[in-house]
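Novice:
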Amino acid sequence: MAEDLTIIQGSKEEIYPSLIPQIKGLLEGEPDLIANLANVAAALKEQFGWLWVGFYLVRGEELVLGPFQGPVACTRIKKGRGVCGTSWQKAQTLIVPDVEKFPGHIACSSLSRSEIVVPVIRNGEVAAVLDVDSELLDQFNETDKKYLEEIVGLVNFS
Ligand code: SME
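If you count by my numbering, then the sequence shown holds residues 196 to 353, one letter each, in order.
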């Protein structure tokens with residue numbers, strides 16, 4: 196695996212195409228899921244400086260906190276609860292420009308203002324979600340959706 200990350204300046208349309216091959220390099224040859232999720236979270240946090248980047252893993256009827264970067268967070272989220280639990284239930288990426296306007300949002304950090312949650316779908320089932328939070332309003336768009344969906348697709352969950 197590659198052990199350095201080259202941080203680039205620029206627009207998201209410029210950053211993601213530089214970041215994705217580097218993430219592939221981090222994942223290459225490493226079969227351990229936790230190690231790989233940890234490095235994906237770290238790479239995204241380091242490149243973008245978002246408040247919180249991490250994974251919740253589907254464990255039975257709940258999501259359980261997995262590898263993340265950022266402030267301490269709630270450990271368990273029920274299906275259909277909050278942005279993460281709703282993304283799991285719908286098996287869809289959710290972009291939330293203002294978390295205070297999302298009914299049932301779970302405020303793990305009072306600093307969080309906007310959020311994107313991307314489900315990790317394997318064999319037709321949600322296996323995990325990637326949750327990204329920003330302390331600024333309206334920080335996520337269709338570009339993040341497209342590339343973050345591609346990034347979670349790189350991780351081998353089997
Ligand atoms: N805000 C999330 C909870 C997880 S934390 O932000 C890390 C939600 O409503 O699902």
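Note that beta-carbon positions come from the ideal geometry of N, C-alpha and C, so glycine has one too. Note that the coordinates shown come from a computational prediction; the quantities given were computed from them, not determined experimentally.
1. How far does the alpha helix (DSSP H) with Lys273 in it reach, from first residue to last?
2. At a cut-off of 7 angstroms, would you count Ile311 as near ligand 1, judging by its Cβ distance to the nearest heavy atom?
3. Could you tell me whether the Cβ atoms of Cys279 and Asp326 are closer together than 8 angstroms?
4. Between which two residues does the alpha helix (DSSP H) harbouring Phe352 extend?
5. I'd like the ranges of any beta strand (DSSP E) spanning at least 3 consecutive residues and lying wholly in the segment 291-347.
6. So does Ile290 have its beta carbon nearer than 7 angstroms to some heavy atom of ligand 1?
7. Assuming Val235 is part of the alpha helix (DSSP H), what are its boundary residues?
8. Roughly how many angstroms separate the alpha carbons of Val253 and Asn318, rounded to a whole number?
9. Can you find at least 3 beta carbon pairs, one from the segment 284-297 and one from the segment 242-262, that sit closer than 8 angstroms?
10. Exposed or buried, which one is Val267 when buried takes at least 16 other CB atoms within 10 Å?
11. Under three-state DSSP, which class holds Gly261?
12. By DSSP, does Val278 sit in helix, in strand, or in coil?
13. Suppose contacts are defined by Cβ-Cβ distances below 8 angstroms. Is Ile316 in contact with Thr288 by that definition?
Specialist: According to the data block:
1. Residue numbering aside, residue 273 sits at position 78 when the sequence shown is read from its first letter. First-last for Lys273: 271-273, but that is the beta strand (DSSP E), not the alpha helix (DSSP H).
2. Translated into positions along the sequence shown, residue 311 becomes position 116. It does not: the Cβ of Ile311 is nowhere closer than 7 angstroms to a heavy atom of ligand 1.
3. Working through the sequence shown from its first residue, we reach residue 279 at position 84. Working through the sequence shown from its first residue, we reach residue 326 at position 131. Yes.
4. The count along the sequence shown starts at 1 and reaches residue 352 at position 157. Neither: Phe352 is in no alpha helix (DSSP H) and is coded neither H nor E.
5. 309-317, 320-329
6. In the sequence shown, the residue the question calls residue 290 occupies position 95. False, no ligand heavy atom lies under 7 angstroms from that Cβ.
7. Counting from 1 along the sequence shown, the entry for residue 235 is found at position 40. Where Val235 is concerned, the enclosing alpha helix (DSSP H) stretches over 228-243.
8. Counting from one through the sequence shown, the residue named residue 253 turns up at place 58. Counting from one through the sequence shown, the residue named residue 318 turns up at place 123. Roughly 14 angstroms between the two C-alpha positions.
9. no
10. As a first step, residue 267 must be located in the sequence shown, where it is residue number 72. Result: exposed.
11. The count along the sequence shown starts at 1 and reaches residue 261 at position 66. Here Gly261 sits in strand by DSSP.
12. The count along the sequence shown starts at 1 and reaches residue 278 at position 83. Here Val278 sits in helix by DSSP.
13. On the sequence shown, residue 316 is found 121 positions in, with the first residue counted as 1. On the sequence shown, residue 288 is found 93 positions in, with the first residue counted as 1. Taking 8 angstroms as the Cβ cut-off, Ile316 and Thr288 do not qualify as a contacting pair.
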